[in-house]
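Before any comments, here is the structure.
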Amino acid sequence: MNKPLRRIALFCGLLVLALLIRDNYVQYVQADSLRTNASNRRVAIERYATPRGDIIVDGNPITGATKSTKSGINDFEYKRTYKDGPMWAPVTGYASQAFDASQLEKLDDGILTGNDDRLFFRNTLDMITGKKKQGGNVVTTLNAAAQKAAYQGLLSRGKGAVAAINPQTGAILALASTPSYDPSTFAGTSGSDEKAWNKLQKKNNPDEPMLNRALRETYPPGSTFKVVTAAAALENGLYKSADENTDSPLPYTLPTTTTELKNEGNIPCKNATMRIALRYSCNTVFGKIGADLGKDKMLAEAEKFGFNSEQLTPVRSNASNFPKSMDQPSTALSSIGQFETAATPLQMAMVASAVANNGTLMKPYMVDKLQAPNLDVISQTDPQKMSQPLSQSNAQILQSMMETVVKEGTGTKAQISGVTVGGKTGTAQHGVANSEKPYAWFISYAKLADGSSPVAVAVVVEDGSANREDITGGGLAAPIAKSVMEAVINSKK
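Using this note's numbering, read the sequence shown as starting at 59 and increasing by one per residue.
What follows is the structure, given as C-alpha cells:
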C-alpha cells in the first residue's frame, strides 16, 4: 500500500474509533441525563403514559386522572384532574402536559408517575407479570375541614392567605391563598388550556392568582410581631413577668431623633405592663423594648423563630426578613413589625405554634408519607424539633398575655366556647407613607381542656373593598382564624 493510501486508511480508522468512543459515551455515560432531560419529549410521554398516583388528604384523593383527548400532536395518554382545584392549588401545585409541574406535583413527580428509583423492584415485578406500571401516592398532613374553612373565609375578602400548623408536631393543617386558580383548566395541551394558562400569568392578571401567598409572599407583620418582641424581652431578662410595669414614657421619642412613635387611639400605654401593652397593642412599649434590647438580641430571637431562613415543607417557603443592619430608631420600628420586617403567613403561624408548644418550635411539613401503588410506605416524615425560641416558663407567661388579648383585648372575635384561645391582632402599614389600605393580620392558637394545643393559625387579609377605618386584624382576620381552629377541634371529636 502506498503512502497516501496508508494515510487515508489511518485517518478513516481514527474516524471510526472516534465514532465508537462517542457512541459509547452517549450510550453509557450520558444515557441517564439524556433519558431524563426535560427537552426529551419521551420524558413527558412517559410521565403521562399512565394515570398519575394521587395526592391524599384525610384518606381521600384530591387529584385524579382522565384519558386525554387525542388531537393534533398530542401523544399523551392521560392528563391530571383536580377536585376543588382552586381550594387545594396552594398545596398540590399543578401538573400540565404543556406547562410542566409545580409544588408537590413537581417535587414528588417520580412517586406519582411510578418512575422513582425506590419503586424499581416493584416496577420490575410488574414488568415480569405483565402488569401496567402505576404511580404511588403522596399522603399529606392537611386537614380537609380546616382547609375548607380557611379558603371560604378568604373568598369574600379579596386577597389573602391562611397557614395552620399542629404546634406539637409541625404538621401543616391548612394552606390557603386567594385569589386562586384551577389547575385542571390547563392540564392538557389544547388551545383552551393555553388560553387558561395565559390568563393566569402576572402580565395578564395583576391579582396573581398563581402566587402562593401562604408561602411565597412576605408582608409587613405589623403588631403580630410584638409577640416575638415580648419573647425577646422575657428571654433576655429585660422583664421577668407579664405584669411588671415597663419603663415606657408617653409620648415615646425614637432614640437619637425628635420623632414620636404613635399609638393607635387613646390607649393606656404609659408605663404599661407587657400584658396591658399586648392587649391594647402599644407601639410605644414594644418599640422601646426593641430599642432597649438592641438589634443583636432582637435579631437572635427573630431567627430562633425562623426569620431570615427559607423553610422547606417540602415546598419552598420564602425567607421572612428581620433586618440585620439597623440603628436604634430602625430597631424600634422593626420590633413592632414595621421598617423592613416582613413575614410569610407560614412564618407567623410558626411564631404562634412555638408559643403554644411551650417554647419549642417544630419544623413545619406537609407530607406525612409517600406510598407505593400497593400502599406500602416508602418514606415517612417524623416530627423534628427546629429550635427553642423560649423556655417553657417564659412561653407560659406569653401564653397568658396572648390569652388576655382574646379574652378582653383586640382579639375577642376569635373566642371559642369551652376552648382557651391565645392571639394577637395586627394592622400593618402598606404603601409609601401608609398610602395604601393596610393589611389585616391575626395569629392565634387553641388550647383544649387537657392542655394540648392542636392548632396554631396565621391569617393575613388584603381586603380592597373594605373601608380603610374598618380594616383591622380583629375585625377581618380573627373570624377566619376562629373558623379554622374550630374545624380542627371538631374534626378530632
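Idealized CB from N, CA, C, for every residue including glycine.
Between Ala-232 and Ala-219, the C-beta spacing is not below 8 Å. The DSSP assignment places complete alpha helix (DSSP H) segments of no fewer than 4 residues inside the stretch 135-174 at 143-150, 161-165 and 167-171, in order along the chain. For Met-543, the three-state secondary structure derived from DSSP is helix. Annotation: the continuous beta strand (DSSP E) that includes Asn-195 extends over 195-198. Counting the other Cβ atoms within 10 Å of the Cβ of Pro-326 gives fewer than 16, which makes it exposed.
Contact between the stretch 189-203 and the stretch 113-124 is established, with three or more Cβ pairs separated by less than 8 Å. Leu-419 has its alpha-carbon roughly 20 Å from the corresponding atom of Asp-508. In the DSSP assignment, Lys-125 falls within the unbroken beta strand (DSSP E) covering 121-125. If you check the CB distance, Ile-394 and Lys-482 do not come in under 8 Å.
For the options Lys-141, Gly-143, Trp-146 and Gly-194, the alpha carbon positioned closest to that of Asp-167 is the one of Gly-194. A straight-line Cα-Cα distance of about 8 Å links Ala-156 and Phe-244. In this model, Asn-303 and Lys-328 are separated by some 9 Å (Cα to Cα). Nearest C-alpha to Leu-212 among Ala-536, Thr-399 and Val-196: Ala-536. Restricting attention to Val-546, Tyr-106, Leu-534 and Asp-81, the CA atom closest to the CA of Ser-214 is found in Leu-534. The DSSP-derived three-state label of Leu-370 is strand. In this structure, Val-196 places its C-beta atom within 8 Å of the C-beta atom of Leu-170. With a threshold of 16 other beta carbon atoms within 10 Å, Ala-76 falls short and is exposed. Fully enclosed beta strand (DSSP E) runs of no fewer than 3 residues occupy 443-445, 478-486 and 497-505 of the stretch 440-515, in order along the chain.
Taken in chain order, the unbroken stretches of alpha helix (DSSP H) that lie wholly in the stretch 199-237 and span 4 residues or more are 202-213. Across the structure, Ser-367 and Leu-357 are spaced so that their CA atoms are roughly 12 Å apart. One thing to note: Gly-532 has its Cβ within 8 Å of the Cβ of Thr-468. Taken through DSSP and simplified to helix, strand or coil, Asp-265 comes out as coil.
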